[in-house]
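Number of protein chains: 2
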Amino acid sequence: MSRAFNFSAGPATLPEVVLRQAQEQMLEFDGAGASIVEMSHRGPEFIAVAQQAEADLRRLLSIPEDYAVLFTAGGATAIQALLPLNFAAPQQRVDYVLTGHWGKTAVKQASPCAQVSIAASSEDSGFTRIPPRDSWQLGADAAYVHITDNETIHGVQFDGAPDTGKVPLFADFSSSIASAPLEVAKYGLIYAGAQKNLGPVGISVVIVRRELLERSGQPRAEIFNYRAVAARDSMLNTPPTWNWYLLGLTVRWMLEQGGVEHFARLNAEKSAAVYAAIDGSGGFYRNDVVPAARSKMNIPFFLPDDTLTARFVSQASQAGLLALKGHQAVGGIRASLYNAMPLAGAHALAAFMADFQQRNG
Amino acid sequence: MSRAFNFSAGPATLPEVVLRQAQEQMLEFDGAGASIVEMSHRGPEFIAVAQQAEADLRRLLSIPEDYAVLFTAGGATAIQALLPLNFAAPQQRVDYVLTGHWGKTAVKQASPCAQVSIAASSEDSGFTRIPPRDSWQLGADAAYVHITDNETIHGVQFDGAPDTGKVPLFADFSSSIASAPLEVAKYGLIYAGAQKNLGPVGISVVIVRRELLERSGQPRAEIFNYRAVAARDSMLNTPPTWNWYLLGLTVRWMLEQGGVEHFARLNAEKSAAVYAAIDGSGGFYRNDVVPAARSKMNIPFFLPDDTLTARFVSQASQAGLLALKGHQAVGGIRASLYNAMPLAGAHALAAFMADFQQRNG
Numbered sequence: 001m002s003r004a005f006n007f008s009a010g011p012a013t014l015p016e017v018v019l020r021q022a023q024e025q026m027l028e029f030d031g032a033g034a035s036i037v038e039m040s041h042r043g044p045e046f047i048a049v050a051q052q053a054e055a056d057l058r059r060l061l062s063i064p065e066d067y068a069v070l071f072t073a074g075g076a077t078a079i080q081a082l083l084p085l086n087f088a089a090p091q092q093r094v095d096y097v098l099t100g101h102w103g104k105t106a107v108k109q110a111s112p113c114a115q116v117s118i119a120a121s122s123e124d125s126g127f128t129r130i131p132p133r134d135s136w137q138l139g140a141d142a143a144y145v146h147i148t149d150n151e152t153i154h155g156v157q158f159d160g161a162p163d164t165g166k167v168p169l170f171a172d173f174s175s176s177i178a179s180a181p182l183e184v185a186k187y188g189l190i191y192a193g194a195q196k197n198l199g200p201v202g203i204s205v206v207i208v209r210r211e212l213l214e215r216s217g218q219p220r221a222e223i224f225n226y227r228a229v230a231a232r233d234s235m236l237n238t239p240p241t242w243n244w245y246l247l248g249l250t251v252r253w254m255l256e257q258g259g260v261e262h263f264a265r266l267n268a269e270k271s272a273a274v275y276a277a278i279d280g281s282g283g284f285y286r287n288d289v290v291p292a293a294r295s296k297m298n299i300p301f302f303l304p305d306d307t308l309t310a311r312f313v314s315q316a317s318q319a320g321l322l323a324l325k326g327h328q329a330v331g332g333i334r335a336s337l338y339n340a341m342p343l344a345g346a347h348a349l350a351a352f353m354a355d356f357q358q359r360n361g
Numbered sequence: 001m002s003r004a005f006n007f008s009a010g011p012a013t014l015p016e017v018v019l020r021q022a023q024e025q026m027l028e029f030d031g032a033g034a035s036i037v038e039m040s041h042r043g044p045e046f047i048a049v050a051q052q053a054e055a056d057l058r059r060l061l062s063i064p065e066d067y068a069v070l071f072t073a074g075g076a077t078a079i080q081a082l083l084p085l086n087f088a089a090p091q092q093r094v095d096y097v098l099t100g101h102w103g104k105t106a107v108k109q110a111s112p113c114a115q116v117s118i119a120a121s122s123e124d125s126g127f128t129r130i131p132p133r134d135s136w137q138l139g140a141d142a143a144y145v146h147i148t149d150n151e152t153i154h155g156v157q158f159d160g161a162p163d164t165g166k167v168p169l170f171a172d173f174s175s176s177i178a179s180a181p182l183e184v185a186k187y188g189l190i191y192a193g194a195q196k197n198l199g200p201v202g203i204s205v206v207i208v209r210r211e212l213l214e215r216s217g218q219p220r221a222e223i224f225n226y227r228a229v230a231a232r233d234s235m236l237n238t239p240p241t242w243n244w245y246l247l248g249l250t251v252r253w254m255l256e257q258g259g260v261e262h263f264a265r266l267n268a269e270k271s272a273a274v275y276a277a278i279d280g281s282g283g284f285y286r287n288d289v290v291p292a293a294r295s296k297m298n299i300p301f302f303l304p305d306d307t308l309t310a311r312f313v314s315q316a317s318q319a320g321l322l323a324l325k326g327h328q329a330v331g332g333i334r335a336s337l338y339n340a341m342p343l344a345g346a347h348a349l350a351a352f353m354a355d356f357q358q359r360n361g
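Protein sequence lines, in the order shown, are assigned to chains R and A. Each residue of the first sequence is one higher than the one before, counting from 1 in full-length UniProt numbering. Each residue of the second sequence is one higher than the one before, counting from 1 in full-length UniProt numbering.
Following this line, the structure appears as structure tokens:
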């Protein structure tokens, strides 16, 4: 068994101690005679697992009592489709701020069921910055304002919550949740696929101010009705129990490591090491994002040509630095530095970058 | 480590050999330096896992080439909500045949987006039979006819596909898929949550005649558009990779055991043992389903009173026969005998039933 440093953008690296616990319990959970993946979601064992995961997540993120926490099957994309159905009246305006690829996906999923207005976009800059708040064209009658806190492909990240006045702020935190302290009360709704910072693929989290669940929304099936989902503690139907269990183990691990303050420091240090390697390369490595908007989670960068890029990916992989190929939408290299990536991984990457440049620069 | 016989209705027992393989590969998949749950769904390792799972499922169920196979996140309930959106025009009639609780759930999920007509129902009999085909009130203009092949709570199962003429037959096979040979071509669409016969919770399968994907349906997000999902091989977004992987291991195991013919024989033998214990009890145990409609997957039965029922569940559990409590909707006992339940489990249950009756009858 040989585990490498895995820079995958998601599904992403998990803490080894979490995987070891899942491994130990794979055939039998806690003396129950069966694996957790084989047990009823309505039985006392899984109910305890589910409730502990929610309690730990509430503690990790300091989620106020007037926010519901939903655990949903499927990823953030399904949530993007359900936002207008749950929170906008038919034909009501919804405002979207685009800072990268995933904001565009959010618009695509919402468009069939809402009047989407692009309040601001940095696409003309190649998504290398956050449009200044005073340039946003917001509607006072919008159902919500949607942002993507961190763009995994373009490597652009908000620094805190923008003020949207009385219109609730909805944010895709798929790739940045729990990476640093977060003022939940500044958002109406936060959602995240779990497969980056919260653990495994196959489950997502929606954190929503309870009063918003009272909106009548649009005709939709009960299973897509977040008010009904909340009322049944996310068990309207069989939830992805194993994924929920693994999320719980990961959240517990984050608390034990020192919580979001610890990860904020760690992630700042990890990303600083990689950005320093880029900025100190004399232009051999290039990242175009303006410094204030640089992501601490995903660092895309470019080499002088495609041949060098392919060689970099291949030699890095041989050196135990996996999944560094950039997203097909932009090419180049991408290093994802989620919570479970240790500092040693970022340092190993920075050292490899310097060495590679010396051999190929 | 002590694994019991687990009669849970779902999530349900898995083959021990499958769990052992998942356990072995939990920290590293096949020399890749990472677990499959940590790897990109777009990487060669997972693509191979996903394609093999589909190929094996096609072989197991003899799925014709003109049928697409979709792997979806979430359970059967979400599929029930998406059927009218994908396959019925706005306000088009859809026909539902009710033979138990889950048929009613299917109606509930479809109702906001379709004109649901109840073509037949056996609710007046307490869901103890299949309404005779010649009593069904079908509409020639219906988008589809929906049945539930096996009702897990009421223990009622179809014997083959009813003829619905030119209107395509849609069937919820969540609890009976792969339990016996199946003529896919008689159905327009078959769907199933995986957590009973196909493996783990958190992933579902939709098998649909490709020409039906050309229906225009109703306004819906891309992620809910089965034509788009099929065109992207179920990877429009990040799928539940680990669940897909475990499904693949389970399907492979079923092929190795001898395929659906093997399981048809095994399931007949298992269910016969339990029904014999009921029918031979002189009325101490009672199952009200008419013999021709008795399920081979889920056997609900009743004891003379609630005190005995509770004692039965408790003592069975102590004897290593888990999760026998009936669904809250009907009470009593329920024994689920999915493919991964060995014959020895059914025999152990039958022996326990005889012994319990002797001590308490």
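For every residue, glycine included, the Cβ atom is placed at its ideal position computed from N, Cα and C.
| task | Starting from R/P342, follow its DSSP beta bridges and name the residues at the other end. | result | Looking at the DSSP assignment, R/P342 forms no beta bridge with any residue, so it has no partner.
| query | In chain A, what lies closer than 7 Å to R/A140 by C-beta? | reply | Those within 7 Å of R/A140 in chain A number zero; the least Cβ separation is about 26 Å.
| task | Assess, as a yes-or-no matter, whether the segment 294 to 312 of chain A is touched by the segment 326 to 336 of chain A under the definition of 3 or more beta carbon pairs within less than 8 Å. | result | A contact exists between the segment 326 to 336 of chain A and the segment 294 to 312 of chain A.
| message | Between R/P63 and chain A, is the shortest Cβ-Cβ distance under 8 Å, so that the two count as touching? | response | The sequence shown places Ile at residue 63 of chain R, not Pro. Put simply, the CB of R/I63 is far from chain A, with every gap to its CB atoms at 8 Å or more.
| message | Does the structure place the segment 21 to 29 of chain R close enough to the segment 351 to 358 of chain R that three or more beta carbon pairs sit under 8 Å? | response | no
| message | When you compare the CB positions of R/F284 and R/G165, do they come within less than 8 Å of one another, or not? | response | no
| query | Quick one: what does DSSP say A/R129 is sitting in, helix, strand or coil? | reply | coil
| request: Within the segment 215 to 279 of chain R, note down every full alpha helix (DSSP H) run reaching 4 residues or more, in order along the chain. | output: 226 to 231, 241 to 257 and 259 to 279
| query | When DSSP labels each residue in this structure, what does R/E183 get in the three-state scheme? | reply | coil
| Do the segment 58 to 72 of chain R and the segment 345 to 355 of chain A meet, that is, are 3 or more Cβ pairs less than 8 Å apart? | no
| When the Cα atoms are used, what is the spatial distance from R/A273 to R/K296? | Looking at the two C-alpha atoms, the distance is approximately 11 Å.
| task | State the start and end residues of the unbroken beta strand (DSSP E) segment that holds R/V97. | result | R93 to L98
| request: Can you tell me which of R/G202, R/N267, R/R220 and R/N225 puts its alpha carbon nearest to the alpha carbon of R/L212? | output: R/N225
| request: Can you pull the chain A residues whose beta carbon is under 9 Å from the beta carbon of R/H237, in chain order? | output: The sequence given here places Asn at residue 237 of chain R; His does not occur at that position. Near R/N237 (Cβ distances below 9 Å), the residues of chain A are G74, G75, A76, T77, A78, T105 and G193.
| message | Does any residue of chain A have a CB that is nearer than 8 Å to the CB of R/S40? | response | yes
| field | Three-state secondary structure (DSSP) of A/G103 | value | When DSSP states are grouped into helix, strand and coil, A/G103 belongs to the helix group.
| Is the Cβ-Cβ distance between A/T152 and A/A9 less than 8 Å? | It is a contact, given that the beta carbons lie within the stated cut-off.
| request: Taking the CB atoms as reference points, tell me whether R/V97 and R/H154 lie closer together than 8 Å. | output: no
| task | Output yes or no for whether 8 Å exceeds the beta carbon distance between A/I203 and A/W253. | result | no
| Limits of the beta strand (DSSP E) - the one that R/I299 falls within | N298 to F301
| field | Boundaries of the alpha helix (DSSP H) in which R/I47 is found, first to last residue | value | Residue range P44 to L61 is occupied by the alpha helix (DSSP H) that includes R/I47.
| said: For A/M235, which residues in the same chain have their Cβ closer than 8 Å to its Cβ, ignoring the five residues on either side in sequence? | reply: H41, R42 and A50
| Between the C-alpha atoms of R/V229 and R/V205, what's the straight-line distance to the nearest angstrom? | 12 Å
| query | In chain order, what residues of the segment 4 to 17 of chain R put their CB closer than 9 Å to some CB of chain A? | reply | A4, F5, N6, S8, A9, G10, P11, A12, T13, L14 and E16
| CB contact check: A/E214 to chain R, cutoff 8 Å | no
| Which bits of chain R does A/F224 rub up against, with CB to CB less than 7 Å? | Near A/F224 (Cβ distances below 7 Å), the residues of chain R are A81.
| query | Relative to the C-alpha of R/A221, which residue among A/S111, A/P11 and A/I118 is closest? | reply | A/S111
| field | Residues of its chain near R/N298, where Cβ-Cβ distance is below 8 Å and the 5 sequence neighbours each way are ignored | value | A9, N150, E151, T152, I153, G155, S175, R334, A335, S336 and L337.
| Contacts of A/S2 in chain R (Cβ-Cβ under 9 Å) | E28, G31 and G33
| task | Report the residues of the segment 304 to 335 of chain R with a CB closer than 8 Å to any CB of chain A, ordered along the chain. | result | G320, L322 and A323
| Closest residue to R/L57 among R/A22, R/I177 and R/C113 (Cα-Cα distance) | R/I177
| message | Counting C-beta neighbours from all protein chains within 10 Å, is the total for A/Q92 16 or more, i.e. buried, or is it exposed? | response | buried
| Terminal residues of the beta strand (DSSP E) in which R/R334 lies | I333 to S336
| query | Whose Cβ in chain R lies nearer than 7 Å to the Cβ of residue 431 of chain A? | reply | The shown model of chain A, from 1 to 361, leaves out residue 431 of chain A, and the question about it has no answer.
| Residues that R/V69 contacts on chain A, provided the C-beta gap is smaller than 9 Å | Within 9 Å Cβ-Cβ: nothing; R/V69 doesn't reach chain A, min ~18 Å.
| said: I need the straight-line Cα distance from R/N197 to R/A340, nearest angstrom please. | reply: 7 Å
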